[in-house]
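Quick mapping for you: the protein sequence lines, in order, are chains Y, F, A and C.
If you want this note's numbering, it's the 1-based position in the first sequence plus 133.
If you want this note's numbering, it's the 1-based position in the second sequence plus 133.
If you want this note's numbering, it's the 1-based position in the third sequence plus 1.
If you want this note's numbering, it's the 1-based position in the fourth sequence plus 196.
First the structure, in the form of structure tokens, and then the observations on it.
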Amino acid sequence: MSDISVSGRRLTPQMKAGLGIFARYATILGLFAMILVFSLLSPKAFPTLGNFTNVLNQASLAMIIAGGLTLAVIVGELDLSIGFAASLHGIIVTGLIVHDKLPIPVAVVIVVALGALIGLVNGFIVTKIKVNSVIATLGVGTILTGFAFAYSSGVPIVAGVPEAFLQLSLGRWLFGIPNNIVVMVVVLGALWTLVERTSLGQEIQAVGGNAAAARLAGIDVDRIKILGFVVSGMCAALTGILLASRLGSGTASAADSYLLTAFAAVFLGSATLRDGEFHVLGTFVGALIIAFGFNGLNIFGAPTFSQYVFQGAILIVAVGLSSLGRSLAES
Amino acid sequence: MSDISVSGRRLTPQMKAGLGIFARYATILGLFAMILVFSLLSPKAFPTLGNFTNVLNQASLAMIIAGGLTLAVIVGELDLSIGFAASLHGIIVTGLIVHDKLPIPVAVVIVVALGALIGLVNGFIVTKIKVNSVIATLGVGTILTGFAFAYSSGVPIVAGVPEAFLQLSLGRWLFGIPNNIVVMVVVLGALWTLVERTSLGQEIQAVGGNAAAARLAGIDVDRIKILGFVVSGMCAALTGILLASRLGSGTASAADSYLLTAFAAVFLGSATLRDGEFHVLGTFVGALIIAFGFNGLNIFGAPTFSQYVFQGAILIVAVGLSSLGRSLAES
Amino acid sequence: MTDTTIISPMTGTPTASPFIVARHIAKAFGGAQALKDVSIDLLPGEVHGLVGANGAGKSTMIRILAGLNHPDAGSIEIDGQTTNVANAQAAAAMGMSFIHQELAFVPGMTVLQNIMLGVPKPSRLGLTDWSAIAREVAPIAKRVGITAPLNASVKGLSTAENWLINICRALVRKSRLIVMDEPTASLSASESEKLFTIIRDLSRSGVTVLYVSHRLDEILDLCDRVSVFRDGRSVDEFSRAGLTRQKLVESIVGKGLDETVKPVRAEMSREVVLDVADISRLPRVKSVSFALHRGEVLGIGGLVGAGRTELARLIYGADRPDGGSMTLSGKAFRPKSPSAAVKAGLGLVPEERRAEGLVLSKSVLFNLGLANLDSLVSGKFVPLLSRKRQAHMATETIKALAIKTQGMDQPVGRLSGGNQQKVVIGRWLRREPDVLILDEPTRGVDIGARGEIHKLIRQLAQSGMAVLVISSEPDELPDLCDRVLVMAEGSVVRELSGDKLSRNAIVEASYEVTKQGVPA
Amino acid sequence: QDKPLLGIVSISATEANNVRYIQGATKAAEEMGWQVNVVDAAGNADQANAAIQNFAQLGAGAIIDMVFPFSSIGAGLDAAGSANIPVVTWGGGLGSTVAATNGSGGPMAIPVVETMVKQMDGKGSILALTYRTGEVCRNRETQMDEILAKYPDITVTKNEVRIPGYFEDGAQYANAWLASHPAGNENLAIWGCWDDPAIGAIGSLRAQDRSDVAVYGINGNAQALENIKNGYMTATAWQDSFTEGYNMVKMLEEIKAAGTGWTPKAAEVAAVLVTKDTVEAFIAEHPEAIQ
Ligand SMILES: Nc1ncnc2c1ncn2[C@@H]1O[C@H](COP(=O)(O)OP(=O)(O)OP(=O)(O)O)[C@@H](O)[C@H]1O
Ligand SMILES: Nc1ncnc2c1ncn2[C@@H]1O[C@H](COP(=O)(O)OP(=O)(O)OP(=O)(O)O)[C@@H](O)[C@H]1O
Ligand SMILES: [Mg+2]
Ligand SMILES: [Mg+2]
């Protein structure tokens, strides 16, 4: 179907099969190629266990929120509220701990429940009132920003944040693995199992693949879509909490920019291993590519403008290789 | 199909027909209701010719960029590069005028052509390399931010911006109609004619409605998609130019925030008059709702946090009324 | 799961008390009264036929039973209890399963995942136990005729195989009622035969089957009783004894109909319009050659998966061949896209009208215009569409094809299946391409309209068009075509014309390869 | 290769004052034989933390945090602290383990607000464009509130702008505010907690031909100075961010030499009030301010 295949030689079936396999692994190859290049460019600072742990630690928050978003996009909806929601959650969790003196675990549980509630509201507006998810979640996100202002008057909550709360994200686990990484692995592992290995996961995939068919097959499409939003909302809450812990404060709009990062990760991931489908493992790889790109360019010390150019190019090239391979394989 | 219709009474066909009509006009009714309420709340300041002209003048830039985006979404793609592109265009147009001393019309033409080129690149990456449009345009947008930075080293181009360039957006036309409004009307009028009244427009709509069917009906789908991106890119350029003229400078990231506004307008518009389809007139109404909502709440003097809450609610309610009416009508 | 577990052991007889009784059902969509007054009852263990012209309301009635639409008036009793089928889950819980006219499958999933869509699955520790499921499903899939491996993606499968998946799903659910809305429309003879055997087995073991089809011979062959819908009303109910095709046709159409219009064959021109030489795209199409003449209707028959659709796509530029060449009117022809093929003078009516033929959300007028845009514009400098020309074109086509629509502005997705098919064909009438390829042109088209479409195809040929018709229904080709190529496993195995052209010859040739092992 | 590394994390490498500061810092670093590496965190605090961690990973000699308040770079400070790398802030305040700060910017508001109040004769209406999430802007707002508390005849309407989007927000808030504050009734002024929102508001004023409203900004970026020259802005306070950057880097040597004995301190550089009357002289003295 690609015009590129028009020109000249025809591909043999073997070559096509090869290209098909290449397409599946192109983003992962891209990731490794990028790591290799940065390792050659900054051999002392980049390819160290310390730095890799560091990158994974940094990327964990984005991975958690992107993992949640993955469920929303698998069921065929966009959730634009996650960034704004995570900002609000960060403010509320610090508020509950600092002002209301709640024990940290209680505050965390309340905020995750609030995240689920926001997801429920999103899901209800989308499935029952049938508002397009772009408008619904943008609207809810805007409202949440208002709430964040109302709760904090826009002033970051800083004073009196207990050390124990900071340790939530700064602390380390067995073998010195940072807590953030542990939380991320648990969350993504749970999401992966849910989607790929349970019968609920089958329904989730079916709704996203063809909602009409899923409905005809007797799947409660609305329930599944709401579930997608709830998971997305809960992951946003987790990220908001960990971010507040990492920053040491609850700050309005601190997490807003996760929205674009999460989207980039999720869509990058859809080119990984599968043919343009969203999946949790892909999102993980997508987030890794973004994080290593940022880190490697930083460490190499590229001028600011070229950092942007490379970051943009990495996105396109990583997906482009895979897409091109696939379309040639299918030509 | 809605669960609401299951419960209890059945709607008569007449009621359903009525609801169907209501659904078509709900967003427009919402706009008028909103204007009415604000007029009652702030009878002196809000419902004046001067204020309405100001709102329209202010909204013109968002309308132009959203009008372009409408074409991209009609052909079934997202263009996330528009905000970043408009920022870059603003810098380049001032640069061409101030540093390269080009006549204003020449500079404008060059920058609009550059907008078309960026659209072409987006379109090429999406159709030929087959990269998902979210990744492609996010990547291109990031690269453009890098270019904006490289071109201006991050310093706004200010000194020596000629008054004539400022008059581009500050000037007024016959009967004192601001230039921005004139440009907006011309651009949206042209886009509307293109989409609704030409054979090319039929192809554009067909590609968005069902690309596979359009292809088999003999339409060059790739060409049409590229066209959608090119139009979107040109409108982003126009908005960037007018914004630079309004600010009197070319400033990096000045137009970035248009991205979300344009998306909100386009998706709001899809609930207007038609059944969830994107169209130029709808986008215009969507942008009006956003602009009047912001203006009215401000004039009424609502506190910042409640402004966010109301803005979010306006989005959801305007679309929700229409969607609910439609789903009841079709139940 | 073995065969015996799918089928509940109870053996019912048609005299038992009815399983489902629907009375005076009415349903309107917007202004369109799809059902006016429909009553039907289904007895345990019977095969109940449901027939009627396109748009008569068959699918709507089925969607109401399935809980997808809700009636405006009337009542439904299941096992003597008045019930409201709230949604698809409720229908499944009541023991009903459905094979809807619109295909229900998820493109990104495997065959097995699609079969199990919405079916409760065994699990271990909350995780789905796929290997156990595969063991149970495999024999059923085989029995239905699914040849693809269960873990293959459904993306590369043909329409027919996707239908088989839907049928398989209905069998895997242990249902008391299986509703099939035109299941054979996409199947060829051998799959159909397999399906009939399954239906008879099901019936014997007490499962009720509601069977919708436009193929009346099947209905007569298979059904214990037949209900006829006409214009949203249930007008007749026949039992098998003494029912003839003639009676059925009269009841459907509301008047007599001469079905035996053998098309008049004009003297065929020897002028070759399209010459195809050794076109391949492995593994689906292997070195196919033929010539298509001006004024000729050339049929391509064969079994499902024989490669006919793929051949059409190659000719049309929708896919690219790995080898071979073509000429069109003597000039080398190598379209790089369908749009190039259309410019060169080709037209295609695709197999999948909803997915590949129509912009469902757009109006009839819009869809009819798509291949004719050049002729609909006025104005020299700006190609503005002329509403007058559009309306004229649409009115003419709607009339010519007797498309049942509320008006030319009705969204095409709301037409009944057969009428949607007519819109796809109608698009090309006005454009008058040199070569028109029709892939399963009468799929889902009612008996009256089928005759009309056949007549129309002959007329097009007579006016000088070269027509290529692909059909899986062996009955269709002998009447319609001057010449028929039979394909099997990607190759043309037989050319039939004149006296040798008959239903049986086509069926026989379809199995040629399988017998000989290697294609010619 | 073995030159000490100065890591700079900027909130927005495309904002004029940030750029000036980076230029000053770079100049000083060159003089000292350091190499400079700038990361643009694009307003994203988490990204800023990541960048600081990356610099710590790299074994940087020192790290400058631009504008992110110390309260939002907890993880970064933690990483730098364990690697014994001093972190200084520009406009990020002094706290936690921050070694030094300047550009706090809060006091810069005082001369501007005082000028504004004087020109309004102590009565009238003000539209204040604020940004409370930012430490600097919040301090400026507090300064303004303290001064205005003495003038009961001045009513203030406060609106929060967003980043990004401050131009558009400034313009839209101005539009709405102007609609209920017609010309000729009272003294009117628009105050931006930094120049850019005020510049957005100027666009609205000019589009409506309203020359009765005085506009005040803070920071003194090139565009603000240009607007003062042309009479569209009344006053701004010029922040000498180049010198701030330069001085801060020079101080890094002292900080590193003192090691654990260092006492954190603020080393502010005075701002310059620029008005229509002084703008020509000012530009003559600081030609770099409008480049
Ligand atoms: N969602 C809808 N909106 C509007 N009209 C509809 C809708 N669904 C069906 N109709 C109309 O209802 C009538 C009955 O349609 P239905 O699909 O039940 O016919 P059918 O008997 O199944 O025909 P076919 O044999 O062509 O499949 C048609 O006129 C159709 O246009
Ligand atoms: N590589 C492929 N990937 C995806 N789909 C394919 C591929 N090859 C063929 N198909 C589709 O599979 C379907 C069946 O193709 P084929 O031509 O082999 O069968 P056919 O003889 O037309 O039989 P049928 O009666 O099922 O249409 C067609 O719709 C074709 O477009
Ligand atoms: Mg039907
Ligand atoms: Mg076929």
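Glycine included, each C-beta is placed from N, C-alpha and C at the ideal position.
Just verifying my parser: in three-state terms, what is the DSSP assignment at residue i?
{"i": "A387 of chain Y", "result": "coil"}
{"i": "N426 of chain C", "result": "coil"}
{"i": "G381 of chain Y", "result": "coil"}
{"i": "I168 of chain A", "result": "helix"}
{"i": "Y442 of chain C", "result": "helix"}
{"i": "E102 of chain A", "result": "The sequence shown places Gln at residue 102 of chain A, not Glu. Coil, per DSSP."}
{"i": "S9 of chain A", "result": "Note that S9 of chain A has pLDDT 38, beneath the 50 cutoff, so the model's placement of it is unreliable and the number below is only indicative. Three-state DSSP puts S9 of chain A in coil, outside helix and strand."}
{"i": "E441 of chain A", "result": "coil"}
{"i": "N55 of chain A", "result": "coil"}
{"i": "H412 of chain Y", "result": "coil"}
If we define contact as Cβ-Cβ less than 8 Å, is residue i a contact residue for chain B?
{"i": "L360 of chain Y", "result": "In summary, chain B is missing from the structure at hand, where the protein chains are Y, F, A and C."}
Hey, out of the options, whose CA is closest to residue i's CA?
{"i": "L323 of chain C", "options": "F:G434, F:A446, F:F443 and F:I449", "result": "F:G434"}
{"i": "I179 of chain A", "options": "A:H25, A:A356 and A:P45", "result": "A:P45"}
{"i": "N190 of chain Y", "options": "C:V465, C:A276, C:A271 and C:N423", "result": "C:A271"}
{"i": "I471 of chain A", "options": "A:T406, A:K122, A:S187 and A:S281", "result": "A:S187"}
{"i": "L250 of chain Y", "options": "Y:G381, Y:A462 and Y:H222", "result": "Y:H222"}
{"i": "V244 of chain Y", "options": "Y:C368, Y:A404 and Y:G429", "result": "Y:C368"}
{"i": "V319 of chain A", "options": "A:T185, A:V350 and A:R451", "result": "Correcting the residue type first, residue 319 of chain A is Ala in the shown sequence and not Val. Of the candidates A:T185, A:V350 and A:R451, the one whose C-alpha sits nearest the C-alpha of A319 of chain A is A:V350."}
{"i": "E78 of chain A", "options": "A:G56, A:H25, A:F30 and A:V48", "result": "A:H25"}
{"i": "N426 of chain C", "options": "F:I224, F:V239, F:A156 and F:L299", "result": "F:L299"}
{"i": "T474 of chain C", "options": "C:A221, C:A433, C:T353 and C:G366", "result": "C:A433"}
From residue i to residue j, what distance separates their C-alpha atoms?
{"i": "A159 of chain Y", "j": "I386 of chain C", "result": "55 Å"}
{"i": "I154 of chain F", "j": "A420 of chain F", "result": "22 Å"}
{"i": "I281 of chain C", "j": "Q219 of chain C", "result": "22 Å"}
{"i": "A385 of chain Y", "j": "L303 of chain Y", "result": "21 Å"}
{"i": "S456 of chain Y", "j": "F282 of chain F", "result": "30 Å"}
{"i": "A292 of chain F", "j": "G229 of chain C", "result": "33 Å"}
{"i": "N115 of chain A", "j": "F106 of chain A", "result": "6 Å"}
{"i": "N213 of chain C", "j": "E210 of chain Y", "result": "41 Å"}
{"i": "A388 of chain Y", "j": "Q335 of chain Y", "result": "32 Å"}
{"i": "A195 of chain Y", "j": "W131 of chain A", "result": "32 Å"}
{"i": "D149 of chain A", "j": "L128 of chain A", "result": "Rather than Asp, the amino acid found at residue 149 of chain A in this sequence is Ala. Roughly 25 Å separates the two Cα atoms."}
{"i": "Q368 of chain C", "j": "G381 of chain F", "result": "17 Å"}
{"i": "S135 of chain F", "j": "F396 of chain Y", "result": "With a pLDDT of 38 at S135 of chain F, under the threshold of 50, the modelled position of that residue is not reliable, and no figure is offered here."}
{"i": "N269 of chain F", "j": "L321 of chain Y", "result": "Note that residue 269 of chain F is Ala in the sequence shown here, rather than Asn. Answer to the nearest angstrom: the Cα atoms are 26 Å apart."}
Assuming residue i and residue j make a contact with CB atoms under 8 Å, what is their CB distance in whole Å?
{"i": "Y441 of chain F", "j": "I215 of chain F", "result": "Their Cβ separation, rounded to whole angstroms, is 23 Å, which puts Y441 of chain F and I215 of chain F out of contact at 8 Å."}
{"i": "A307 of chain A", "j": "M488 of chain A", "result": "4 Å"}
{"i": "I414 of chain C", "j": "D391 of chain C", "result": "7 Å"}
{"i": "G163 of chain Y", "j": "A451 of chain Y", "result": "4 Å"}
{"i": "M340 of chain C", "j": "V309 of chain C", "result": "5 Å"}
{"i": "I166 of chain A", "j": "V173 of chain A", "result": "10 Å between Cβ atoms; not a contact."}
- Can you list every residue whose CB sits closer than 5 Å to some heavy atom of ligand 1, going in chain order? A:F30, A:A33, A:A35, A:N55, A:G56, A:A57, A:G58, A:K59, A:S60, A:T61, A:R415, A:L416, A:S417, A:G418 and A:G419
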